[in-house]
Amino acid sequence: AQTVTQSQPEMSVQEAETVTLSCTYDTSESNYYLFWYKQPPSRQMILVIRQEAYKQQNATENRFSVNFQKAAKSFSLKISDSQLGDTAMYFCAFMKTQGGSEKLVFGKGTKLTVNP
Amino acid sequence: EPEVTQTPSHQVTQMGQEVILRCVPISNHLYFYWYRQILGQKVEFLVSFYNNEISEKSEIFDDQFSVERPDGSNFTLKIRSTKLEDSAMYFCASPPGGQVETQYFGPGTRLLVL
Chain D
1 AQTVTQSQPE MSVQEAETVT LSCTYDTSES NYYLFWYKQP PSRQMILVIR QEAYKQQNAT
61 ENRFSVNFQK AAKSFSLKIS DSQLGDTAMY FCAFMKTQGG SEKLVFGKGT KLTVNP
Chain Z
1001 EPEVTQTPSH QVTQMGQEVI LRCVPISNHL YFYWYRQILG QKVEFLVSFY NNEISEKSEI
1061 FDDQFSVERP DGSNFTLKIR STKLEDSAMY FCASPPGGQV ETQYFGPGTR LLVL
């Protein structure tokens, strides 16, 4: 079974600064996807970024980027130029894939607070 | 981001009552998922549904739970006899056609069992 570990229960950052959230996972699968989801106080789950395991290039989405280290099974999220609206829970998630869609396995989350 | 809607947004029920949570995914979707998040905890997989059949279910998804797609569009999760520990946020998720690896979540239904 796959497991996802987020070792930082809470983090804080000053507005406009950069913060990195950590995620490690354990799997014997060779083909999989990794995701970061954001959950603001409204509790909606919002997709932030996606990484295909077979791609060496790290995914980026505007101010959000990942550092994907496949051998180390590490998938960290970097948020640049942090904004107050980035305050939320961030969940790392794993999905194996065999050509179709599979369930997501989530970590316990990191609560990020952006301070003015 | 593709839209998945859920109703109701909030539901309060008495222990032992039946509840039905509804999800309306984007058209032409084939895969559907239900997840649960107890307050302050991580999101947990309940069940996946593909081609009008359950494809996988978790240990949480016991005989009290059922899913169906009664009219070909709405996708429902039924809890037959609710327990206090069923109080949670319930999310429906679905990947759009052509991008099955990426699940988009609905806004969730907040269920409170008293």
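From first to last, the protein sequence lines stand for chains D and Z. Its first residue numbered 1, the first sequence is counted upward by one per residue in my numbering. Its first residue numbered 1001, the second sequence is counted upward by one per residue in my numbering. Even glycine gets a Cβ: it sits at the ideal position worked out from N, Cα and C. These figures come from a predicted structure and were not determined experimentally.
Got a sec? Which residues, its chain only, sit under 6 Å from glycine 1097 of chain Z by beta carbon, not counting five neighbours each side?
Only Asn1028 meet the Cβ criterion.
I want to verify the contact list: residues of chain D whose CB lies under 7 Å from the CB of tyrosine 1104 of chain Z, in sequence order.
Chain D residues near tyrosine 1104 of chain Z: Leu47.
List, in order along the chain, the chain D residues whose C-beta lies closer than 7 Å to that of proline 1107 of chain Z?
Per Cβ cutoff of 7 Å: Gln44.
Which residues bound the beta strand (DSSP E) around glutamate 52 of chain D?
Segment 46 to 52, the beta strand (DSSP E) holding glutamate 52 of chain D.
Is it right to say methionine 1015 of chain Z is buried, meaning 16 or more other beta carbons lie within 10 angstroms of its own, or is it exposed?
When all chains shown are included, methionine 1015 of chain Z counts as exposed.
To the nearest angstrom, how far is the alpha carbon of lysine 78 of chain D from that of aspartate 1071 of chain Z?
Going by the C-alpha atoms only, they are around 43 Å apart.
Does the beta carbon of phenylalanine 1045 of chain Z come closer than 7 Å to any beta carbon on chain D?
Cβ-Cβ to chain D under 7 Å: yes for phenylalanine 1045 of chain Z.
Any idea which residues DSSP pairs leucine 77 of chain D with across the strands?
According to DSSP, leucine 77 of chain D bridges with D:Leu21 and D:Val66.
With a CB to CB cut of under 6 Å and the five nearest residues on each side skipped, what residues in its chain are close to leucine 1112 of chain Z?
Closer than 6 Å at Cβ, skipping near neighbours: Val1012 and Ser1087.
Using a beta-carbon distance below 7 Å, is tyrosine 33 of chain D in contact with chain Z?
Closer than 7 Å to some Cβ of chain Z, the Cβ of tyrosine 33 of chain D qualifies, so yes.
When we look at the beta-carbon of serine 1048 of chain Z and count the other beta-carbons within 10 Å, is it buried (16 or more) or exposed?
The residue is buried, with at least 16 neighbouring Cβ atoms inside 10 Å.
Suppose you measure from the CA of threonine 1076 of chain Z to the CA of methionine 45 of chain D; what does that come to, to the nearest Å?
Straight-line Cα distance between these residues: approximately 19 Å.
Could you name the residues of chain Z that threonine 97 of chain D contacts, counting a contact when the two beta carbons are closer than 9 Å?
Within 9 Å Cβ-Cβ: Val1100 and Glu1101.
What separation, rounded to the nearest whole angstrom, lies between the Cα atoms of aspartate 81 of chain D and threonine 87 of chain D?
So the alpha carbons of these two residues sit roughly 13 Å apart.
When you compare only the Cα positions, how much space is there between serine 1081 of chain Z and tyrosine 1050 of chain Z?
Approximately 25 Å, taken between the alpha carbons.
Between the C-alpha atoms of glutamine 1103 of chain Z and methionine 11 of chain D, what's the straight-line distance to the nearest angstrom?
Taking the straight line joining both Cα atoms gives about 26 Å.
Apply the 10 Å Cβ neighbour rule to threonine 110 of chain D and answer buried if 16 or more other Cβ atoms are within range, or exposed otherwise.
Buried, since its Cβ has 16 or more Cβ neighbours within 10 Å.
Mind pulling the chain Z residues with CB within less than 7 Å of phenylalanine 106 of chain D?
Result: Lys1042 and Val1043.
Compute the distance between the beta-carbons of phenylalanine 91 of chain D and phenylalanine 106 of chain D, then report whether it is under 7 Å.
Cβ atoms of phenylalanine 91 of chain D and phenylalanine 106 of chain D: closer than 7 Å.
Comparing alpha-carbon positions, which option in D:Lys73, D:Lys55, D:Thr24 and D:Gln51 lies nearest phenylalanine 64 of chain D?
Comparing Cα-Cα distances from phenylalanine 64 of chain D to each of D:Lys73, D:Lys55, D:Thr24 and D:Gln51, the minimum goes to D:Gln51.
Can you find a C-beta in chain D that's less than 7 Å from the C-beta of serine 1073 of chain Z?
Judged by the 7 Å Cβ criterion, serine 1073 of chain Z is not in contact with chain D.
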